[in-house]
C-alpha cells in the first residue's frame, strides 16, 4: 500500500488558499517528499502527517518555490528529535544550494547526505524496501527532473515448483526474501521459489517543464500521473512556451498518450484562481484528468491476484 | 497615522493556525517589515496588504523562524515589478546571510542594500519621512536586537512669533519644512516658526530575549509595546531561561514598569496552543496586556492638540 498526498498545488508563490506544489509518499515505513517550497511543512502538519519520518527529499530543481521551505522543514524535523540520516536527491548543485540554505539551519541532530543527479536518467534503488526512485531530465529554463516512484512486487510463492525441485523447507522463507543459499554443490536462488513478478505500483511526478518525450517514456505504466498544468487560459500557451511550463491541455495530451489510469494536475499559476473552469476542455483530451486541490490523497494498492 | 499589523504570532515553526511572528508598519508612503519567517508573504497576502511597497526589512536575528521567508518575499516583490531599492537592516552577518539565501533568489529587478548593526544602540533616521528606526541589543543565544519605530512630530506653526520676528512670508513654508534660510545677514531656522515639538508616535517590538534593562529603557514612551510571550505555563520559566526567551509574565512586568498604554504578546511556543488561558494571571501584572492573534491591527494617530 502506497499513500500519496499532493500537499500543495501552487506554482511560483504560496497563496493563502494554495500551498506550493509538493508530494509526499509513504511506503513500507519510509516517507519520501518531492519538493519543499515555502509552507510545505505547514501543509504537511495540516494534513496530519509527520515530518519526522521523512527519509528522502527529492528536488525537481532549485527555483525558490520548490526548495525555500527546506531550512524550516529540517529544523522542524530536528525539533521532532529525528536522529536518522536524511537523503537529499536533486540536480547538480544540490550540495551548494543546501549548504547555502543551512546558513539559517546550521545545527541538526541528524546527518544529511546529498546525492546529485548526473545523468539524463538515473535510478536510485532501495532494495531493502523493494522500491526505487527514478529521475528523468525534463525541459525547464534550469536543469529540472521528473521523478518516478516504482514499487516492485515479487511473484507468488510456488509450492509445487519448490517441492519438485526438492528445496529444503528451512530455506524457503530466506529464498523468498531474496537470499541466495549455497548448500554443498547446490545453489538455490529466489526465482526457484517464486513465480513471475507481479504488477507493482508506480507514481510519476513532473512539474516545471515543456512537454517532452522523456515524460512520455517515463510515465508509461504509471498508476498515477501527476503533471504540471500551469495555465488553463488558451491564450497563455505562448507564456508557457516562453517560461518553459506546461498547460493543462499539454499535460492531458501526455496522459492520453500513455493511457494513464488517472492524471492529477498541479503547479497552477497564481493567476489561475479556478483551474476547474477549464476542466471541461481538458477532459475532452483526457477524461480521467482531475484538477487537484491541496491535500489530495490516495492509497494505491496492489492488484488482487 | 501609523498602520501596524502583527502578521503572525508564532515562534520556532509556522503552524496551520499561526504564522511566524512578523510586524508590518505603514507610514507616510513607506512600508516597514520586521522579521520575515516562512509564510510571512502568505500572512501579508491574507491581510490584504501588498509586499511591493516594502522599503525596509529589519531582522531581529537570523534564526530561521525570523528570516526563512526572505527569498520568497523578495521574489514575490520582484514578480510585482518592484524596481525601487530595498533596505535591509540586521545584526552583523546580514550581508552573508542574505547572500546565502539569495542562492535561490538570484535575479531581482531591484537593488538590495544591507546595513549591519554594529552598536548596542543604533539609530537609522529617515528625515524625509520624519521617522527613525532604533535598534537596541537584547539578550538571546545569538546577537539579537529589538526595534523602535519613532515618528517625530514638529511643533505647531506660531503665527504671532513669526510676525514678531518679522520673517518674510515666502520663507514660512520652507522654514516649517526644516530648511534654513540665509537672507543677507539674517539666518532663519525652523525653530523660529514652530512651537515646541509635539508628541509623536512610537512602537517598540522585541522578541527572542530574556528581559533586559535595554528593553525597559527603549520601551519608555512607546504607544504600543509588542513583546515576546513565549510561554504561559509557570513551570516553563526554566526553559525560557535556558533558551533565552521571555515568558508572558516577564513581558507583562516590563510593560508595567514602563506604564505602556498597551502590550501585545507574541512569539508563542508551538506548545502554547491557547495563550488566552494564562491572561488572567498576566493581567494581574499588567491589565492592558493582550494575547495577540495573527493579523492584529491598529491605526495609531497623533494626539489631538
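Chains as they are written, first to last, in the working numbering: chain A, 1 to 305; chain B, 1001 to 1305. Think of the CB as a built atom: it goes at the ideal place given N, C-alpha and C, for glycine as much as any other residue. Note that the coordinates shown come from a computational prediction; the quantities given were computed from them, not determined experimentally.
Which residues bound the alpha helix (DSSP H) around residue i?
i: residue 173 (chain A); result: 169-176
i: residue 65 (chain A); result: 64-67
i: residue 1224 (chain B); result: Unbroken run through residue 1224 (chain B) is the beta strand (DSSP E), 1224-1228; no alpha helix (DSSP H).
i: residue 1246 (chain B); result: Element bounds for residue 1246 (chain B): n/a, residue is neither H nor E.
i: residue 1282 (chain B); result: 1279-1285
i: residue 1241 (chain B); result: 1237-1242
Per the DSSP calculation, residue i is bridged to which residue(s)?
i: residue 10 (chain A); result: A:20 and A:268
i: residue 113 (chain A); result: A:87
i: residue 1139 (chain B); result: B:1210
i: residue 75 (chain A); result: Paired residue(s): none; residue 75 (chain A) is not in a bridge.
i: residue 1253 (chain B); result: Answer is none; residue 1253 (chain B) lacks a bridge partner.
i: residue 204 (chain A); result: A:148 and A:225
Nearest by alpha-carbon distance to residue i: which of the options is it?
i: residue 1021 (chain B); options: B:1219, B:1229 and B:1132; result: B:1229
i: residue 1192 (chain B); options: B:1034, B:1167 and B:1182; result: B:1167
i: residue 9 (chain A); options: A:235, A:171 and A:297; result: A:297
i: residue 281 (chain A); options: A:135, A:121, A:251 and A:299; result: A:251
i: residue 1019 (chain B); options: B:1083, B:1026, B:1036 and B:1028; result: B:1036
i: residue 265 (chain A); options: A:285, A:242, A:273 and A:290; result: A:290
i: residue 1094 (chain B); options: B:1115, B:1081 and B:1103; result: B:1115
i: residue 272 (chain A); options: A:299, A:258 and A:240; result: A:240
i: residue 54 (chain A); options: A:151, A:34, A:107 and A:38; result: A:34
i: residue 147 (chain A); options: A:6, A:56, A:128 and A:60; result: A:60
i: residue 1017 (chain B); options: A:26, A:213, A:28 and A:47; result: A:47
i: residue 1105 (chain B); options: A:105, A:101, A:108 and A:106; result: A:101
i: residue 136 (chain A); options: A:125, A:71 and A:118; result: A:118
i: residue 1188 (chain B); options: B:1195, B:1196 and B:1176; result: B:1176
i: residue 156 (chain A); options: A:195, A:99 and A:109; result: A:195
i: residue 1257 (chain B); options: B:1286, B:1267, B:1235 and B:1234; result: B:1286
i: residue 1111 (chain B); options: B:1056, B:1128 and B:1062; result: B:1056
i: residue 249 (chain A); options: A:219, A:206, A:87 and A:283; result: A:283
i: residue 1058 (chain B); options: B:1079, B:1083, B:1123 and B:1049; result: B:1123
i: residue 1078 (chain B); options: B:1004, B:1103 and B:1052; result: B:1052
i: residue 133 (chain A); options: A:30, A:182 and A:274; result: A:30
i: residue 269 (chain A); options: A:223, A:213, A:301 and A:207; result: A:207
For residue i, collect the residues of the same chain with a Cβ closer than 6 Å to its Cβ; drop the 5 residues on either side in sequence, then sort them by chain order.
i: residue 1308 (chain B); result: This structure cannot settle anything about residue 1308 (chain B), because the visible part of chain B is limited to 1001 through 1305.
i: residue 210 (chain A); result: 139 and 244
i: residue 97 (chain A); result: 62
i: residue 1143 (chain B); result: 1091
DSSP three-state call for residue i: helix, strand or coil?
i: residue 95 (chain A); result: helix
i: residue 82 (chain A); result: coil
i: residue 1 (chain A); result: coil
i: residue 1214 (chain B); result: helix
i: residue 1298 (chain B); result: strand
i: residue 1259 (chain B); result: coil
i: residue 15 (chain A); result: strand
i: residue 108 (chain A); result: coil
i: residue 304 (chain A); result: coil
i: residue 187 (chain A); result: strand
i: residue 1220 (chain B); result: coil
i: residue 1156 (chain B); result: coil
i: residue 1103 (chain B); result: helix
i: residue 1134 (chain B); result: strand
Along the chain, where does the beta strand (DSSP E) containing residue i start, and where does it finish?
i: residue 1162 (chain B); result: Counting along the chain, residue 1162 (chain B) falls outside any beta strand (DSSP E), though it belongs to the alpha helix (DSSP H) covering 1159-1165.
i: residue 289 (chain A); result: 289-291
i: residue 1030 (chain B); result: 1030-1034
i: residue 1057 (chain B); result: 1054-1058
i: residue 1183 (chain B); result: 1181-1183
i: residue 1042 (chain B); result: First-last for residue 1042 (chain B): 1040-1047, but that is the alpha helix (DSSP H), not the beta strand (DSSP E).
i: residue 1152 (chain B); result: 1145-1153
i: residue 1125 (chain B); result: 1121-1126
Suppose the cutoff is 7 Å on Cβ atoms and the five residues either side in sequence are ignored; what does the same chain contact list for residue i look like?
i: residue 199 (chain A); result: 153 and 303
i: residue 1216 (chain B); result: 1254, 1257 and 1258
i: residue 74 (chain A); result: 105 and 108
i: residue 237 (chain A); result: 247
i: residue 278 (chain A); result: 232 and 248
i: residue 1150 (chain B); result: 1131, 1132, 1134, 1200 and 1202
Beta-carbon within less than 8 Å of residue i's beta-carbon, same chain only, minus the 5 sequence neighbours each way: which residues are those?
i: residue 1288 (chain B); result: 1255, 1260, 1261, 1262 and 1263
i: residue 1039 (chain B); result: 1008, 1014, 1019, 1020 and 1069
i: residue 65 (chain A); result: 10, 11, 12, 13, 14, 20, 21, 37 and 38
i: residue 1141 (chain B); result: 1243 and 1244
i: residue 1084 (chain B); result: 1055 and 1110
i: residue 1027 (chain B); result: 1001, 1002, 1003, 1129, 1131, 1149 and 1151
Give a yes or no on whether the minimum CB-CB distance between residue i and chain D is below 7 Å.
i: residue 1038 (chain B); result: In summary, chain D is missing from the structure at hand, where the protein chains are A and B.
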